[in-house]
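Engineer: First, the structure itself, so that you have it in front of you.
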Amino acid sequence: MGVTFLPGATTATVNVPVNGDTILEPDETFTLNLSNPVNVTIADGQGLGTILNDDTAPPTAQNLTATVLAGATVTVPLTPGATGGPFSAATIVSSLPVEGGVSTIVGAPNYALQFDAAPVFEGVVVVNYTLTGPGGVSDPATVTITVQARPDPSTDPDVRGLLTAQAQAAQQFAQGQMDTINLRMAALRDESCRQFLANTVQLSGPDTDGGTERLSTPQLNEPCEDGAQKLGLSMWTSGSVDVGSTDRAGEAGRDSIAYNLTAGIDYRFSQRFVGGISLGYSTDSSDIGTNGTTSDGEAISAAIYGSFMATPSIFVDALIGYGSFDFNSRRFDTSSGSFGSGDRDGDQFYASLTAGYDTQLRAWKVTPFARLSGSSSVLNGFSETGAGEYSLAYDRQQVDSFGGSLGFAASTDLALEVGTLTPRLRLEYVHEFDGDSSVDIRYADLSEGLIYNVQTQAFAQNQITLGLGADLHLNNGMRLGLDYTGNFGFEDNRRHGVRASVGGQF
71 MGVTFLPGAT TATVNVPVNG DTILEPDETF TLNLSNPVNV TIADGQGLGT
121 ILNDDTAPPT AQNLTATVLA GATVTVPLTP GATGGPFSAA TIVSSLPVEG
171 GVSTIVGAPN YALQFDAAPV FEGVVVVNYT LTGPGGVSDP ATVTITVQAR
221 PDPSTDPDVR GLLTAQAQAA QQFAQGQMDT INLRMAALRD ESCRQFLANT
271 VQLSGPDTDG GTERLSTPQL NEPCEDGAQK LGLSMWTSGS VDVGSTDRAG
321 EAGRDSIAYN LTAGIDYRFS QRFVGGISLG YSTDSSDIGT NGTTSDGEAI
371 SAAIYGSFMA TPSIFVDALI GYGSFDFNSR RFDTSSGSFG SGDRDGDQFY
421 ASLTAGYDTQ LRAWKVTPFA RLSGSSSVLN GFSETGAGEY SLAYDRQQVD
471 SFGGSLGFAA STDLALEVGT LTPRLRLEYV HEFDGDSSVD IRYADLSEGL
521 IYNVQTQAFA QNQITLGLGA DLHLNNGMRL GLDYTGNFGF EDNRRHGVRA
571 SVGGQF
């Protein structure tokens, strides 16, 4: 090419064609040589030229790490620490293994990787991604995500203890009402004669030898005559407090206190049959383990009952009832150190059938008896809140109880000026044929996650029941009662209760 210098000029411009590209590279140089001057003197015929690189550097993405629980979501910011912005795109190149979860880009222009871990995956997922900026597309970088499995909640002692406590409390709501009504029917059999004979009771004074006669009222202990039974309507109330504890391997122990209140009206339809209705209210407060797990329950119920004297000595007692209940729970979660709270409700049916024989041994009335009793309870499903990703969801639970018992009761009458005192005792062996249950649980935020199963057990498969008590039958027709009941399970479970009752006839 030719270069022309104007007269007197010492510089001139030379246009050098450049093959442009978009590759980021160092500045380039070239050499320009001048030769064959015409009317010009060249002092230095060689010059050095520089081609300045005007390409923008592509972005640089960072290698990142994250940890997430199975079934949970983690969001990893991609732009902090990256160079070459502002960024116009972020792209997932690969996410392996694919069964580990779903990767999504969110949040332009401050892009982030959202990773939804699969509910049943445990391991490492590697996500390759790129960033796009003014300088182009970055080389792929990685986000390494460790997916941790959630602990198996079915092995957690507090979870197992809570479910067992609620299942046992539901059974005890029914059993407490059945115990109270059965005691009422036993008292009715005693009262049928006592009402008629109360006015004939006398206190004996010193005998002719200067000693003291034993206070005895044999007429109260003889079988009822047909005309001795007084027809009438009676009202009664009974309240009890039961304190119990259970301790089994694999679950947190339970300490509980329960209150029962029952009121009823019964009517003697004939000399052989008395029937009635009752209403009940019960509560249960249970402490499970030592971490603060609790369960509080309330129940209301209604029952009908009847006692039939087949002969003057043989009787059959029966009852059937229905109740509804609800529980409030607070469960300590070991993994998060927080508490999961929940509410559940349910209902139940219960029934009892007792047959026995009244016989007289001197001043004592002794009654051997056999009893079948059972309940069927449904505890509806519920979900916890408050424990975050460790909150649990519990499915519907069916708790059936069916037990048989053999025992005897004994009582005697002691005459007082104000009426008749009837101390009594009861000893009973109880076998539970069907008291265990199971419930499916899962993590509350994983509707499609793993399902775990927890087995719950009855209070005791075999137990001895001891009852001690007394009734005071006042001359005005009122009855006051006080009873102690102890349940001693063969599996080192125990429950103690005190019951007070009041009755009257009009």
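Sequential numbering of the sequence shown, starting at 71, is according to our numbering.
We put the beta carbon where it would ideally sit given N, CA and C, even for glycine.
Model, not experiment: these values are computed from the prediction.
#1: Does DSSP put ASP249 in a helix, in a strand, or in coil?
#2: Answer with buried or exposed for LEU139, where buried requires no fewer than 16 other C-beta atoms within 10 angstroms of its C-beta.
#3: Look at THR356 and ALA457 and say whether their C-beta atoms are less than 8 angstroms apart.
#4: Which term fits SER164, buried or exposed, when burial requires 16 or more other beta carbons within 10 angstroms of its beta carbon?
#5: Do the CB positions of GLN184 and VAL194 come within less than 8 angstroms of each other?
#6: So, do the segment 424 to 441 and the segment 481 to 489 have three or more beta carbon pairs nearer to each other than 8 angstroms?
#7: If contacts are defined as beta-carbon pairs under 8 angstroms, then GLN247 and SER371 qualify, I think. What distance do you get, rounded to the angstrom?
#8: Which residues bound the beta strand (DSSP E) around TYR464?
#9: Taking all protein chains shown into account, do 16 or more other C-beta atoms lie within 10 angstroms of the C-beta of TYR499, making it buried, or fewer, making it exposed?
#10: With a threshold of 16 other CB atoms inside 10 Å of the CB of TYR199, please say whether the residue is buried or exposed.
#11: DSSP has PHE402 in a bridge; who is on the other side?
#12: If contact is defined by three or more beta carbon pairs under 8 angstroms, each pair taking one atom from either stretch, is the segment 229 to 244 in contact with the segment 530 to 550?
#13: Determine the direct distance from the alpha carbon of MET255 to that of THR424, and round the result to whole angstroms.
#14: DSSP puts PRO382 in a beta bridge; with which residues?
#15: Is the CB-CB distance between PHE409 and PHE402 below 8 angstroms?
#16: DSSP puts SER340 in a beta bridge; with which residues?
#17: Give the straight-line distance between the Cα atoms of THR214 and ILE327, rounded to the nearest whole angstrom.
#18: Identify every residue that forms a DSSP beta bridge with PRO493.
#19: Report buried or exposed for ARG230, applying the criterion of at least 16 other Cβ atoms within 10 angstroms of its Cβ.
#20: Just list the alpha helix (DSSP H) runs in the segment 429 to 469, keeping only unbroken ones of 4 residues or longer that don't cross its boundaries, in chain order.
#21: Quick one: measure Cβ to Cβ for ARG565 and ASP312, integer angstroms, because I've assumed they're closer than 8 angstroms.
#22: Which class does MET255 belong to by DSSP, given the choice of helix, strand or coil?
#23: Pop quiz: TYR464 and ILE521 are said to be a contact at Cβ under 8 angstroms. What is the actual Cβ separation, rounded to whole angstroms?
#24: How is the beta strand (DSSP E) around VAL197 delimited, first residue to last?
#25: Can you give the Cα-Cα distance for GLU454 and ALA514, rounded to whole angstroms?
#26: According to DSSP, is ALA159 helix, strand or coil?
#27: Assuming ILE534 and LEU389 make a contact with CB atoms under 8 angstroms, what is their CB distance in whole Å?
#28: What whole-angstrom Cβ distance do THR99 and THR81 have, given they're in contact under 8 angstroms?
#29: Verify whether the separation of the beta carbon atoms of ALA322 and GLN467 is less than 8 angstroms.
#30: May I ask you to list the residues that DSSP assigns as paired with ARG414?
#31: Strictly under 8 angstroms for the Cβ-Cβ distance: is ALA211 near chain B by that measure?
#32: Can you list, in chain order, the residues of its chain whose CB lies under 7 angstroms from that of LEU497, leaving out five sequence neighbours each side?
#33: Between the alpha carbons of ASN291 and THR429, how many angstroms are there, rounded?
#34: From the DSSP output, which residues share a beta bridge with ARG564?
#35: Does the distance from the C-beta atom of THR307 to that of ALA333 stay below 8 angstroms?
#36: Rounded to whole angstroms, how far is the Cβ of SER445 from the Cβ of SER475, which I believe are closer than 8 angstroms?
Structural biologist: Looking at the coordinates:
#1: Residue state, collapsed to three classes: helix.
#2: Buried is the call here.
#3: Thr is not the amino acid found at residue 356; the sequence shown has Ser there. No, they are not a contact pair.
#4: Classification of SER164: exposed, given that the 10 Å Cβ count is below 16.
#5: Between GLN184 and VAL194, the C-beta spacing is not below 8 angstroms.
#6: Yes: at least three Cβ pairs fall under 8 angstroms.
#7: Confirmed, about 5 angstroms.
#8: First-last of the beta strand (DSSP E) with TYR464: 462 to 464.
#9: Exposed: under 16 other Cβ atoms inside 10 Å.
#10: It is buried - the Cβ of TYR199 has at least 16 other Cβ atoms within 10 Å.
#11: According to the DSSP secondary-structure assignment, PHE402 is paired through a beta bridge with PHE409.
#12: Taking 8 angstroms as the limit for Cβ pairs, the verdict is that the segment 229 to 244 does not touch the segment 530 to 550.
#13: Near 10 angstroms, if we compare the C-alpha coordinates of MET255 and THR424.
#14: DSSP, once it has assigned bridges, lists no residue as partnering PRO382.
#15: For the pair PHE409 and PHE402, the CB atoms are nearer than the 8 angstroms cut-off.
#16: None; SER340 has no bridge partner.
#17: Rounded to the nearest whole angstrom, the C-alpha separation of THR214 and ILE327 is 52 angstroms.
#18: For PRO493, which the question treats as bridged, DSSP gives the partners ALA540.
#19: Note on ARG230: 16 or more other CB atoms within 10 angstroms of its CB, so buried under the neighbour-count rule.
#20: Segments of the alpha helix (DSSP H) lying fully in the segment 429 to 469: there are none.
#21: In this structure ARG565 touches ASP312 by the C-beta definition: roughly 6 angstroms separates them, less than 8 angstroms.
#22: DSSP places MET255 in helix when its eight states are reduced to three.
#23: The Cβ separation is near 11 angstroms, so there is no contact.
#24: For VAL197, the enclosing beta strand (DSSP E) has its first and last residue at 193 to 203.
#25: For GLU454 and ALA514, the distance between alpha carbons rounds to 7 angstroms.
#26: The three-state secondary structure of ALA159, taken from DSSP, is strand.
#27: That pair is no contact at about 23 angstroms.
#28: About 19 angstroms separates the beta carbons of THR99 and THR81, which is beyond the 8 angstroms limit, so they are not a contact pair.
#29: No, Cβ-Cβ distance for ALA322 and GLN467 is not below 8 angstroms.
#30: According to the DSSP secondary-structure assignment, ARG414 is paired through a beta bridge with PHE397.
#31: Of the protein chains in the structure, only one exists, and it is not chain B.
#32: Closer than 7 angstroms at Cβ, skipping near neighbours: GLY477, PHE478, LEU536.
#33: Per-residue confidence for ASN291 stands at a pLDDT of 41, beneath the threshold of 50, marking its modelled position as unreliable; the derived number appears in the next sentence. The alpha-carbon of ASN291 is positioned some 10 angstroms away from that of THR429.
#34: For ARG564, which the question treats as bridged, DSSP gives the partners SER315, PHE558.
#35: Yes, these two residues count as a Cβ contact at 8 angstroms.
#36: The distance from the Cβ of SER445 to that of SER475 is about 14 angstroms, inconsistent with a contact at the 8 angstroms cut-off.
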